[in-house]
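The sequence shown maps to residues -23 to -1, 1 to 448 in mature numbering (1 follows the signal peptide of the UniProt record, and there is no 0). Report on one structure; see the data block that follows.
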Amino acid sequence: MILRSFQIRILSILLLLGSALSAQTTAPNVLIFFIDDLGWTDIGVNGSSFHETPHIDALAAEGVNFKRSYAANPVCSPTRAALMTGKAPQRVGITQWISGDSPSLDLSEFTIGEAFQAAGYRTGYIGKWHLGKTDAVQPKYQGFAYTAAVNRAGQPASFFYPFGKGRRPSNVPDLKGYKPGDYLTDALTDKAIEFIDQSSTAVGAGPQDKPFFLCLSHYAVHTPIQAPEPLVKKYKAKKRAMLGEGAPQMIEEKYNTLARGQQGDPAYAAMMENLDWNIGRVIEHLEAKGLLENTIILFTSDNGGLAHRKRMVSPTSNAPLRSGKAWTYEGGIRIPTIISWQGHIQPATSEAKIITMDMYPTLLELAGLPLQPEQHLDGQSLLPLLQGDQNEAAEDRALMWTYPHVHGSGHQPSDAILSGDWKLIRFQSDEPTELFNLANDLGEQTNLAKQYPEKVKALEKALDRWLAQTK
């Protein structure tokens, strides 16, 4: 009897060890495509008829396409901080794009990279970081063991080899072996494929293989608007056929600014097609290696498309949304977000309101890792939505923003709140508060503040409470 009990105990231990090894070999990989300045309607599946994005559209068809997804801020660095920390940007002291003596992301934050690294993942970061300019605050000190092509600025000096000019922080490092004419988005994808090949091989190849967590943060489609000439030529012809030779439609906006009313910039469209092709390259490589069914893919942007400027014509339009990057109108904060995991997440289109901070807890929970509630304070796991919980999707969730800065686009400091279909924007100047109902005014054209003073009062009270809590 004692011998049999001992044998059963040993068998149980062996089964547990076997289960642990199995879990180690089948833990899902995580891949984030983090695109710069990508607008909500820049992709075909969200309404673009000028840009051609078949690979991104296919990804949306295979996963959950969140139609009401929002960036944490209308400019890049704050949203990037929100992705890394799961916190509203002002909690970590980053409310403006980083330049000069701007604060960096503090090393005390337990980033999403560190969370996956602590769980045994091989972590990598490729491309735009923009969360600190000095060597001491780069991604390799924030949980990413492998880094490549991370410059010290918010954009590249050039999208063409040698990816830099003179001695500038915008020069892109680590890209050797390229030649004149080679394109930056292609080079970053090369690095991503190398990283994948150096990480896990096929699923179940052996317990020594680690799952990977990779953030591929493309500099596209930020300025400078540069693209391979054959693609530019293609879209010049398409523009002539669709729109003629005239100047783009422009919309007069607040503070003597202009917003582009329709897409039709050939160089920008060429950047979009090249970006889409490179997204396809990575996904096809995962499939060829037998890794696609074991890889969670997140595709998202850091703010709305560049559609609104003081004097210059912008490269894209977010219509039917109003305005663009750097503004708290929908065009500046509504972004594409797709989450896909082949064989694990049922394809769907979701109208649930989500925001950048949600990505941290969502990816942890999808990967079967413990949540970090003291870290991702402002994030909410989307797992119920990804599992098809319609009750969760129907819940009224208020989202809020603060962008307390003047921006070169003409923006003056503003705060905003979205609750249900009601959207309130409060400018910190003498401009009147604006209230819109997005259910029947997606373009935010009719200010209802005077008709609904009690609604204004309630939303401002909630907004002030959030600002006090998060600052």
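Note that beta-carbon positions come from the ideal geometry of N, C-alpha and C, so glycine has one too. All values reported here derive from a predicted model rather than from experimental measurement.
Worksheet item: Are there three or more Cβ pairs, one per stretch, closer than 8 Å when the region 349 to 359 is compared with the region 46 to 66?
Response: Between the region 349 to 359 and the region 46 to 66, the count of C-beta pairs closer than 8 Å reaches three or more; the two stretches touch.
Worksheet entry | Minimum C-alpha distance to ASP19 - residue among GLU250, ARG403, TYR196 | The shortest C-alpha separation from ASP19 is found at GLU250.
Worksheet entry | Coil, strand or helix - VAL127 by DSSP | Shown here, VAL127 sits in coil according to DSSP, grouped into three states, outside any helix or strand.
Worksheet item: To the nearest whole angstrom, what separates the beta carbons of LEU360 and LEU343, a pair I think is in contact under 8 Å?
Response: Contact flag correct, Cβ pair sits at about 6 Å.
Discussion item. Taking 6 Å as the limit between beta carbons, can you name the residues of its chain near GLN415, skipping five residues before and five after?
Written reply: Reading off the sequence shown, one finds Leu at residue 415, where the question assumed Gln. If we look at LEU415 and ignore the five residues flanking it on each side, its Cβ neighbours are ASP398, LYS400.
Worksheet item: Could you give the residue range of the beta strand (DSSP E) that holds GLU229?
Response: Unbroken beta strand (DSSP E) run through GLU229: 227 to 230.
Item to complete: Drop a sphere of 10 angstroms on the beta-carbon of THR111, count the other beta-carbons inside from all chains shown, and report buried for 16 or more, exposed for fewer.
Response: Exposed, since its Cβ has fewer than 16 Cβ neighbours within 10 Å.
Worksheet item: What are the start and end residues of the alpha helix (DSSP H) that includes TYR337?
Response: Per DSSP, TYR337 belongs to the alpha helix (DSSP H) from 336 to 343.
Discussion item. Please classify VAL209 as buried or exposed, where buried requires at least 16 neighbouring CB atoms within 10 angstroms.
Written reply: Classification of VAL209: buried, given that the 10 Å Cβ count is 16 or more.
Item to complete: Give me the Cα-Cα distance between TYR155 and TYR245, rounded to the nearest whole angstrom.
Response: Distance from the CA atom of TYR155 to the CA atom of TYR245, rounded to whole angstroms, is 23 Å.
Item to complete: Please determine if the region 20 to 37 and the region 309 to 318 are in contact, where contact requires at least 3 C-beta pairs separated by less than 8 Å.
Response: Counting Cβ pairs under 8 Å, three or more are found: they touch.
Worksheet item: Going straight from the alpha carbon of GLN389 to that of GLU408, what length do you get?
Response: Between the C-alpha atoms of GLN389 and GLU408 there is a straight-line separation of about 10 Å.
Discussion item. Assuming the contact rule is C-beta atoms closer than 8 Å, ALA134 and GLN94 should be a hit. Round their C-beta distance to whole Å, please.
Written reply: Taking a contact as a CB-CB distance under 8 Å, the pair ALA134 and GLN94 does not count as one, their CB atoms being some 31 Å apart.
Fill in: Length-filtered (3 minimum) beta strand (DSSP E) runs lying within the region 93 to 146
Complete beta strand (DSSP E) runs here, min 3: 99 to 104, 123 to 125.
Practice prompt. Counting only the same chain and skipping the five closest in sequence on each side, list residues whose C-beta sits under 7 Å from that of THR30.
Written response: Around THR30: ILE20, GLY21, MET249, ASP253.
Worksheet item: Near ARG237, what residues of its chain come up, given a Cβ to Cβ distance below 6 Å and the 5 sequence neighbours on each side ignored?
Response: Counting only Cβ-Cβ distances below 6 Å, and skipping sequence neighbours, we find PRO225, ALA284, SER291, SER294.
Worksheet item: Helix, strand or coil: which one does DSSP assign to SER176?
Response: In the three-state DSSP reduction, SER176 falls in the coil class, being neither helix nor strand.
Worksheet item: Leaving out the 5 sequence neighbours to the left and right, which residues in its chain are closer than 6 Å to ILE273 when beta-carbon positions are compared?
Response: Answer for ILE273: PRO5, VAL7, TRP318, LEU343, listed in chain order.
Fill in: Buried or exposed (CB count within 10 angstroms, at least 16 for buried), LYS216
Counting Cβ neighbours within 10 Å, LYS216 comes out buried, since at least 16 surround it.
Practice prompt. Sort TRP378, ARG299, PRO188, LEU108 by Cα distance to LEU423 and report the nearest one.
Written response: Correcting the residue identity first, residue 423 is Thr in this sequence and not Leu. Of all alpha-carbon atoms in TRP378, ARG299, PRO188, LEU108, the one lying nearest the alpha-carbon of THR423 is that of ARG299.
Discussion item. Is the beta carbon of ILE256 closer than 7 Å to that of TYR47?
Written reply: The answer is no: Cβ separation not under 7 Å.
Discussion item. Using the Cβ count rule (16 or more neighbours within 10 Å means buried), how would you classify LEU286?
Written reply: Correcting the residue identity first, residue 286 is Arg in this sequence and not Leu. So ARG286 counts as buried.
Discussion item. Quick check on this structure: which residue in PRO338, MET334, VAL383 has the alpha carbon closest to the alpha carbon of ALA303?
Written reply: Comparing Cα-Cα distances from ALA303 to each of PRO338, MET334, VAL383, the minimum goes to VAL383.
Practice prompt. Going by DSSP, name the residue or residues bridged to CYS192.
Written response: Beta-bridge pairing links CYS192 to ILE9, TYR102.
Worksheet item: Roughly how many whole angstroms lie between the Cα atoms of LEU444 and TYR337?
Response: Straight-line Cα distance between these residues: approximately 21 Å.
Item to complete: Evaluate LEU84 with the Cβ neighbour count: other Cβ atoms within 10 Å of its Cβ, from every protein chain shown; 16 or more gives buried, anything less gives exposed.
Response: In this structure LEU84 is exposed. Its beta-carbon is surrounded by fewer than 16 other beta-carbon atoms within 10 angstroms.
Practice prompt. Check whether the Cβ of TYR118 sits closer than 6 Å to any heavy atom of the ligand FMN, and report yes or no.
Written response: The ligand FMN is absent from the structure shown, which contains no ligands of any kind.
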